[in-house]
Amino acid sequence: MKISFHGAARTVTGSKHLLTLKNGKKILLDCGLFQGMGKDTINMNAAFGFDASTIDVLVLSHAHIDHSGLIPKLVKEGFTGQIFCTPATNDLTQILLEDSAIIQRDDTKFINKQRARMGQPLIQPLYSVDDATNSFKLFNKQEYNHWFKIIDDVEVMFTDAGHIIGSAAVHLKIMENGKLTRLTFSGDVGRYGDMILRSPEVFPQADYILIESTYGNSLHDTVHSPTDTLEKWVTKTCVEKKGKLIIPSFSVGRTQELLYSLNQLSLENRLPKMPVYVDSPLSSEATHIVKSYPKYFNKQVKKLLESDNDPFDFPGLKFVATVDESKAINDNHQPMIIISASGMADAGRIKHHIKNNISDRKNTILLVGYCEPNSLGGRLMNGQQEVRIFGEEFSVIAEVGSMRSMSAHGDYDDLCQFLACQDKALVKQVFIVHGEEDVQFDFQKKLI
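Residues 834 to 1281, numbered by my numbering, are exactly what the sequence shown covers, in order.
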């Protein structure tokens, strides 16, 4: 068996890892879109580095676009095999891929206007909504904690990774020439003691492990709860400065965590009376799907459900559907909270909200998750005083804050705890993926 890495190698995006067996069969682990890579993004997504038609099967760890976002392109270029994932991942991936196709269509129109003015050749979206829809018929849903056959001599089992609803660590048993090889791919590892989800599960002994390393050299803030920290930002921005708190947020996972925290503040009478807008139709759909899988919630949330039938809803919450409704928010100058996709602030309605509010010191842009350094969110997080949005330069006058404690990725303590169930003497090799290069080397030192 050979392993080749075609994404999430010294970067935190574009997860794609290819297993080529001795009999020529090929298994792809994830098929993610590169995001937030600046001018290189288009070229990095243009080619897989392998022939899509030669892939026999795809195993998907979870729904996030940096893990699933090139599936329609894979199918468009000739992949006809099955796509194995958990039921919740199936549901979330379908709405995310449709949304991704729409974003690509709209972004391509904008980019082509610029390219036409410069006399450059026009580009095409990676795939269309129809391409995304065509890929859905290949999905095969499998529950956690049972072994199932994907091709001859290869079995797979999913265990809960605790990252988002439906996320899984992928475990493979591969028989070649009478020899059994056990391989584990972590996907993205969640946090132990997550505010909503169950903790990552222990998993069977592996010979080889592919482990993510997003926060492989840092620790999350465990002294201050995310809910308390969020309250401080709400008070500072909306009460003291009477401004807008603008939060770029991934539609799956992070948005639900924010709503859960705001609901807690509301139940405890700590949330000021003001509108809270979730300006993302995708986030509304994703929240509905998350609510439909209460069996994956942790004990604390299940207990809350006994007295609060919807822990993601509270007075003042408004889901924004249409573009006109979204634009109208910018004409409303009262204090408010705006939660909008994307989490790296590189696409979607959030860019418009940042553009319209970045020049007012009353406002705050609060970054609540990992941002690629080249993304708009990454540039804001790194303290750039001037940023380009939709081709215009803007001075960063609004306050920029961050909440690392709300990350859905485990820190290095969580990652080490995830690996603690393994007998080191039996692990032949660990491959560190899904991390920036310096972080990967730091995490390597912690594992030695």
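Virtual Cβ for every residue (Gly too), placed ideally from N, Cα, C.
- prompt: Within 10 angstroms of its Cβ, does residue 1281 collect 16 or more other Cβ (buried), or is it exposed?
  reply: The sequence position of residue 1281 within the sequence shown is 448, counting from 1. Counting Cβ neighbours within 10 Å, residue 1281 comes out exposed, since fewer than 16 surround it.
- request: For residue 1218, collect the residues of the same chain with a Cβ closer than 8 Å to its Cβ; drop the 5 residues on either side in sequence, then sort them by chain order.
  value: Numbered from its first residue, the sequence shown carries residue 1218 at position 385. Once the five neighbours on either side are set aside, the close Cβ partners of residue 1218 are 1228, 1229.
task: Run through the stretch 900 to 961 for me and flag every whole alpha helix (DSSP H) of 4 or more residues, listed as ranges in chain order.
output: 904 to 909, 920 to 950
- request: Run the CB neighbour count on residue 905, radius 10 Å, all protein chains shown included, and call it buried at 16 or more, exposed below.
  value: Start at 1 with the first residue of the sequence shown, and residue 905 comes out as number 72. The residue in question, residue 905, is buried, as its Cβ has 16 or more Cβ neighbours within 10 Å.
- prompt: Alpha carbon to alpha carbon, how far is residue 843 from residue 1148?
  reply: Position 10 of the sequence shown, counted from the first residue, corresponds to residue 843. Position 315 of the sequence shown, counted from the first residue, corresponds to residue 1148. The straight-line gap from Cα to Cα measures roughly 43 Å.
query: At what residues does the beta strand (DSSP E) containing residue 1185 begin and finish?
result: Residue numbering aside, residue 1185 sits at position 352 when the sequence shown is read from its first letter. First-last for residue 1185: 1183 to 1190, but that is the alpha helix (DSSP H), not the beta strand (DSSP E).
task: Just list the alpha helix (DSSP H) runs in the stretch 1013 to 1083, keeping only unbroken ones of 4 residues or longer that don't cross its boundaries, in chain order.
output: 1059 to 1067
Contact between the stretch 1149 to 1164 and the stretch 1082 to 1089 (3+ Cβ pairs under 8 Å): With a cut-off of 8 Å, the stretch 1082 to 1089 and the stretch 1149 to 1164 do not count as touching, because too few Cβ pairs lie within range.
task: Report yes if the C-beta of residue 1215 is less than 6 Å from at least one heavy atom of the ligand ADP; otherwise report no.
output: The ligand ADP is not part of this structure, which contains no ligands at all.
task: Could you pull out every unbroken beta strand (DSSP E) segment of at least 3 residues lying fully inside the stretch 1116 to 1148, listed in chain order?
output: none
- prompt: Of all the options 937, 970, 889, which has the alpha carbon lying nearest to the alpha carbon of residue 961?
  reply: Looking up residue 961 in the sequence shown gives position 128. Cα-wise, what sits closest to residue 961 is 937.
field: Assigned exposure category for residue 861 - 16 Cβ within 10 Å defines buried
entry: Against the sequence shown, residue 861 aligns to sequence position 28. Classification for residue 861: buried.
contact_flag[the stretch 1134 to 1141, the stretch 1032 to 1044] where n(CB pairs < 8 Å) is 3 or more: No, the stretch 1134 to 1141 does not touch the stretch 1032 to 1044.
message: Give me, in chain order, the residues of the same chain whose beta-carbon lies closer than 6 Å to that of residue 972; leave out the 5 immediate sequence neighbours on both sides.
response: The residue labelled residue 972 in the question sits at position 139 within the sequence shown. Closer than 6 Å at Cβ, skipping near neighbours: 916, 923.
field: Three-state secondary structure assigned by DSSP to residue 1212
entry: Locating residue 1212 in the sequence shown gives position 379, counting from the first residue. Helix.
- prompt: What does residue 1226 pair with, by DSSP beta-bridge criteria?
  reply: Taking the sequence shown and counting its residues from 1, one reaches residue 1226 at position 393. Answer is 1221.
- prompt: Would residue 1079 pass as a contact of residue 1222 if the rule is Cβ separation under 7 Å?
  reply: Against the sequence shown, residue 1079 aligns to sequence position 246. Against the sequence shown, residue 1222 aligns to sequence position 389. No, the pair does not count as a contact, with Cβ atoms beyond the cut-off.
- prompt: Within this structure, are the beta carbons of residue 863 and residue 886 separated by less than 7 Å?
  reply: To locate residue 863, count along the sequence shown from 1; it is residue 30. To locate residue 886, count along the sequence shown from 1; it is residue 53. Against a cut-off of 7 Å, the Cβ pair of residue 886 and residue 863 comes out as no contact.
- request: Given a cut-off of 7 Å, decide if residue 890 and residue 1243 are closer than it, judged by their beta-carbon atoms.
  value: Counting from one through the sequence shown, the residue named residue 1243 turns up at place 410. Counting from one through the sequence shown, the residue named residue 890 turns up at place 57. No, they are not a contact pair.
query: Considering only the beta carbon of each residue, do residue 1185 and residue 1171 sit closer than 7 Å?
result: Residue mapping note: residue 1185 aligns to position 352 of the sequence shown, counting from 1. Residue mapping note: residue 1171 aligns to position 338 of the sequence shown, counting from 1. No, Cβ-Cβ distance for residue 1185 and residue 1171 is not below 7 Å.
- prompt: At a cut of 8 Å, does the stretch 864 to 879 reach the stretch 1173 to 1180 through at least three beta carbon pairs?
  reply: yes
- request: Could you tell me the distance, in whole angstroms, from the CA atom of residue 1048 to the CA atom of residue 1200?
  value: Along the sequence shown, read from residue 1 onward, the residue named residue 1048 stands at position 215. Along the sequence shown, read from residue 1 onward, the residue named residue 1200 stands at position 367. Straight-line Cα distance between these residues: approximately 16 Å.
- request: Please classify residue 836: does DSSP put it in a helix, a strand, or coil?
  value: Counted from its first residue, the sequence shown places residue 836 at position 3. Three-state DSSP puts residue 836 in a strand.
task: Please classify residue 956: is it buried, with 16 or more other beta-carbons within 10 angstroms of its beta-carbon, or exposed?
output: Here residue 956 refers to the residue found at position 123 of the sequence shown. Its Cβ having fewer than 16 others within 10 Å, residue 956 is exposed.
task: Using alpha carbons as the reference points, say which of 998, 1037, 1236, 1161 lies closest to residue 1017.
output: For this step, residue 1017 is matched to residue 184 along the sequence shown. Per the Cα distances, 1037.
Chain-order list of residues whose beta-carbon lies under 7 Å from that of residue 1272 (same chain, five-residue window excluded): Here residue 1272 corresponds to residue number 439 of the sequence shown, with the count starting at 1. Here the set comprises 1046, 1049, 1050.
message: Per the DSSP calculation, residue 1234 is bridged to which residue(s)?
response: Residue mapping note: residue 1234 aligns to position 401 of the sequence shown, counting from 1. DSSP, once it has assigned bridges, lists 1199 as partnering residue 1234.
field: Minimum C-alpha distance to residue 1069 - residue among 1268, 1194, 1040
entry: Within the sequence shown, residue 1069 is the residue found at index 236, counting from 1. Per the Cα distances, 1194.
- prompt: Across which residues does DSSP place residue 1244 in a beta bridge pair?
  reply: If you number the sequence shown from 1, residue 1244 lands on position 411. Beta-bridge pairing links residue 1244 to 1048.
- request: Tell whether a beta-carbon distance below 7 Å holds between residue 996 and residue 1241.
  value: As a first step, residue 996 is located in the sequence shown; it is residue number 163 there, counting from the start. As a first step, residue 1241 is located in the sequence shown; it is residue number 408 there, counting from the start. Cβ distance < 7 Å, so residue 996 and residue 1241 count as in contact.
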